[in-house]
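Going by the UniProt record's numbering, the letters in the sequence shown line up with residues 1 to 74, in that order. By construction, the Cβ of each residue, glycine as well, lies at the ideal position given by its N, Cα and C atoms.
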Amino acid sequence: MRLSELRVGDAGEIATVKSQGAVRRRIMDMGLIKGTPFRVVRVAPLGDPMEIAFKGLHLALRKSEAQEIFVVKH
Numbered sequence: 001m002r003l004s005e006l007r008v009g010d011a012g013e014i015a016t017v018k019s020q021g022a023v024r025r026r027i028m029d030m031g032l033i034k035g036t037p038f039r040v041v042r043v044a045p046l047g048d049p050m051e052i053a054f055k056g057l058h059l060a061l062r063k064s065e066a067q068e069i070f071v072v073k074h
């Protein structure tokens, strides 16, 4: 399941990041690596951006970035 498919209040953990190059590196440098638990805090009306909380941080992701992050929903 893609991160972009989740709704506010959903929780899960990162399964894999399919992005390539600089985008992948940036996402992983922020701490979104396999096994990281997270919760969806907010999603803009058109789904872009979305805010997630993990490791005590809040992070806004573009829809295009969230579509490249695969998760396991809890």
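Asked	Found
First and last residue of the uninterrupted beta strand (DSSP E) at V8	Taken as a continuous stretch (DSSP letters only), V8 belongs to no beta strand (DSSP E), as it is neither H nor E.
Distance CB(G12)-CB(K63) smaller than 8 Å	no
Test item: CB-CB of A60 and F38 under 8 Å	no
Beta-carbon proximity list for I69, same chain, < 6 Å, skipping 5 on both sides	L3, V17
Alpha helix (DSSP H) segments (min. 4 residues) lying fully within the UniProt domain "Ferrous iron transporter FeoA-like" (1 to 73)	21 to 29, 63 to 66
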